[in-house]
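Below is one structure, written out as structure tokens, with a few remarks after it.
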């Protein structure tokens, strides 16, 4: 009987600890959402003295947008919004990277099966990442619609699944932490984008250094961990439940797909490889090559205005010639014929 009472006390104590940890995780998620929402408005006001920017749409028909004069209307707002978004994303990547490496150093040595390890620190970090992802999704949804944003929203959906499920089952924390090692590369990715937005020449040594570090860290901290995740996924097919395998395959191969696309665009944009394919307005152009793309957009606008004015001039000339022809015809008809 004494043993039963002791077991009940231990069970109630464990349940109390788990309940307290769950409250902390929920609180961290809410705090993270509020923190990053507040951060984005602070950055907007500090740099641009504005809290809201007009949204940009790259998915509409280009000709219709040009005719309605909407295509270039939000260009400056889009650039300001992206700069603000990149700064906050850099802040998240920096915080997440430190937390990830601290977790790896302190907790992975506790278990040989570290892939399935779960500790409270992992849960708090996942809650922080979840909060940022929700905040950034709101920011993306209300400020731009393009192919780039659709890819990012897909990526965010994968991150939400990867963050929430380990918290619910108190398992698979280690393998998800390995996946979030990729955030270390995001630091250089955001620095590179900010240099682009500020018109830094790609021939500049500072830009070349950042671009090279970006590619190196991309390969080391994104591609290599992704291959390890694929290896783990294939190895886990015999021990995991079917719906867990489905989620795992979706997250891992979804991340691999988006990482390969991003790597290719970075290699092309920074001149590591050449591509003869024409670039189209999908929302990626401004990010990959801010200086040249904004210039090309401005030139497109000038040529469009010039072409439009030329077309209007031709129409007016045709109308004038037609009017003269009609006048001559009237004169001919009104002239009395000589018998």
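Numbering (our numbering), first residue to last: 104 to 442.
Glycine included, C-beta positions come from ideal geometry on N, C-alpha and C.
Span separating the alpha-carbon of residue 219 from that of residue 276: In the chain shown, residue 219 corresponds to position 116, counting from 1. In the chain shown, residue 276 corresponds to position 173, counting from 1. Taking the straight line from one Cα to the other gives about 6 Å.
Would you kindly report the start and end of the unbroken alpha helix (DSSP H) that includes residue 311? Along the chain shown, read from residue 1 onward, the residue named residue 311 stands at position 208. DSSP places residue 311 in the uninterrupted alpha helix (DSSP H) bounded by 308 to 321.
Could you check the C-alpha separation between residue 101 and residue 374 for me, to the nearest Å? One cannot answer for residue 101 here, as it falls past the ends of the chain, which runs 104 to 442.
So, are the CB atoms of residue 154 and residue 148 less than 8 Å apart? Counting from 1 along the chain shown, the entry for residue 154 is found at position 51. Counting from 1 along the chain shown, the entry for residue 148 is found at position 45. Yes, these two residues count as a Cβ contact at 8 Å.
Pairwise C-alpha distance: residue 367 and residue 194: Here residue 194 corresponds to residue number 91 of the chain shown, with the count starting at 1. Here residue 367 corresponds to residue number 264 of the chain shown, with the count starting at 1. In a straight line, the C-alpha of residue 194 is about 25 Å away from that of residue 367.
Given this structure, state the Cα-to-Cα distance separating residue 294 from residue 126, to the nearest angstrom. As a working note, residue 294 is residue 191 in the chain shown. As a working note, residue 126 is residue 23 in the chain shown. Taking the straight line joining both Cα atoms gives about 35 Å.
Looking only at C-alpha atoms, which of 331, 352 and 301 sits nearest to residue 182? Within the chain shown, the letter at position 79 stands for residue 182. Answer by Cα proximity: 301.
In terms of residue numbering, what span does the alpha helix (DSSP H) encompassing residue 338 cover? Position 235 of the chain shown, counted from the start, is the residue given in the question as residue 338. Taken as a continuous stretch (DSSP letters only), the alpha helix (DSSP H) holding residue 338 covers 327 to 338.
Have a look at residue 269 and residue 230 and give me their C-alpha separation to the nearest angstrom. Residue mapping note: residue 269 aligns to position 166 of the chain shown, counting from 1. Residue mapping note: residue 230 aligns to position 127 of the chain shown, counting from 1. About 10 Å.
Can you name the start and end residues of the alpha helix (DSSP H) that residue 268 belongs to? Against the chain shown, residue 268 aligns to sequence position 165. Element bounds for residue 268: 250 to 272.
Flag this pair as yes or no: are the beta carbons of residue 223 and residue 361 separated by less than 8 Å? Translated into positions along the chain shown, residue 223 becomes position 120. Translated into positions along the chain shown, residue 361 becomes position 258. No. Outside cutoff.
Kindly indicate the opening and closing residues of the alpha helix (DSSP H) around residue 234. Translated into positions along the chain shown, residue 234 becomes position 131. Here the alpha helix (DSSP H) through residue 234 covers 223 to 246.
For residue 290 and residue 197, which I take to be in contact (beta-carbon distance under 8 Å), what is that distance rounded to the nearest angstrom? Your numbering for residue 290 matches position 187 in the chain shown. Your numbering for residue 197 matches position 94 in the chain shown. Confirmed, Cβ separation roughly 6 Å.
Look up residue 304 in the DSSP assignment and say whether it is helix, strand or coil. For the purposes of this step, residue 304 is identified with residue 201 of the chain shown, where counting begins at 1. Of the three classes helix, strand and coil, the one that applies to residue 304 here is coil, per DSSP.
Beta-carbon within less than 6 Å of residue 238's beta-carbon, same chain only, minus the 5 sequence neighbours each way: which residues are those? On the chain shown, residue 238 is found 135 positions in, with the first residue counted as 1. So the list reads 136, 139 and 140, once near-sequence residues are dropped.
Near residue 280, what residues of its chain come up, given a Cβ to Cβ distance below 7 Å and the 5 sequence neighbours on each side ignored? Translated into positions along the chain shown, residue 280 becomes position 177. If we look at residue 280 and ignore the five residues flanking it on each side, its Cβ neighbours are 203, 206, 207 and 225.
Exposed or buried, residue 262, counting other C-beta atoms within 10 Å across all chains shown (16 or more means buried)? Position 159 of the chain shown, counted from the first residue, corresponds to residue 262. With 16 or more other Cβ atoms within 10 Å, it is buried.
By how many angstroms is the C-alpha of residue 371 removed from the C-alpha of residue 214? Reading the chain shown from its first residue, position 111 is the one you call residue 214. Reading the chain shown from its first residue, position 268 is the one you call residue 371. Within the model, the alpha-carbon separation for residue 214 versus residue 371 is close to 42 Å.
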